[in-house]
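Have a look at the structure below, then the notes.
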Amino acid sequence: MTPTIQTALFIAVVGLIGIFVFMSFFYLIILALDKYLPYQEEKPVEEFIEEISEEESEE
Numbered sequence: 163m164t165p166t167i168q169t170a171l172f173i174a175v176v177g178l179i180g181i182f183v184f185m186s187f188f189y190l191i192i193l194a195l196d197k198y199l200p201y202q203e204e205k206p207v208e209e210f211i212e213e214i215s216e217e218e219s220e221e
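Per this note's numbering: the sequence shown ends with 221, consecutive numbering throughout.
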């Protein structure tokens, strides 16, 4: 194998490893964010209006 092909393969392998490491790190960040900041379902606007009207009627 020529030195040029060896160098090209080395660069390709380093690039693939770099992408794999980055994607793993990014995935772990997403998991951590999902654990510490869980998704909360938002209420529809109608429920907010009902809550406000109930609070006003209690006063």
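Beta carbons: idealized from backbone N, C-alpha and C, even for Gly.
- Message: Can you tell me whether T166 is helix, strand or coil according to DSSP?
- Response: Sequence index remark: in the sequence shown, residue 166 carries index 4 (1-based). Helix, per DSSP.
- Query: Just the Cα atoms here: how many angstroms apart are D196 and I181?
  - Reply: The residue you call residue 196 lines up with position 34 of the sequence shown. The residue you call residue 181 lines up with position 19 of the sequence shown. One C-alpha to the other measures close to 22 Å.
- Query: CA-CA distance, I191 and Q202?
  - Reply: Position 29 of the sequence shown, counted from the start, is the residue given in the question as residue 191. Position 40 of the sequence shown, counted from the start, is the residue given in the question as residue 202. About 19 Å.
- C-alpha distance - K184 paired with L178, whole-angstrom precision: Position 22 of the sequence shown, counting from 1, holds the residue named residue 184. Position 16 of the sequence shown, counting from 1, holds the residue named residue 178. It is worth fixing the name first, because residue 184 is Phe in this sequence and not Lys. For F184 and L178, the distance between alpha carbons rounds to 10 Å.
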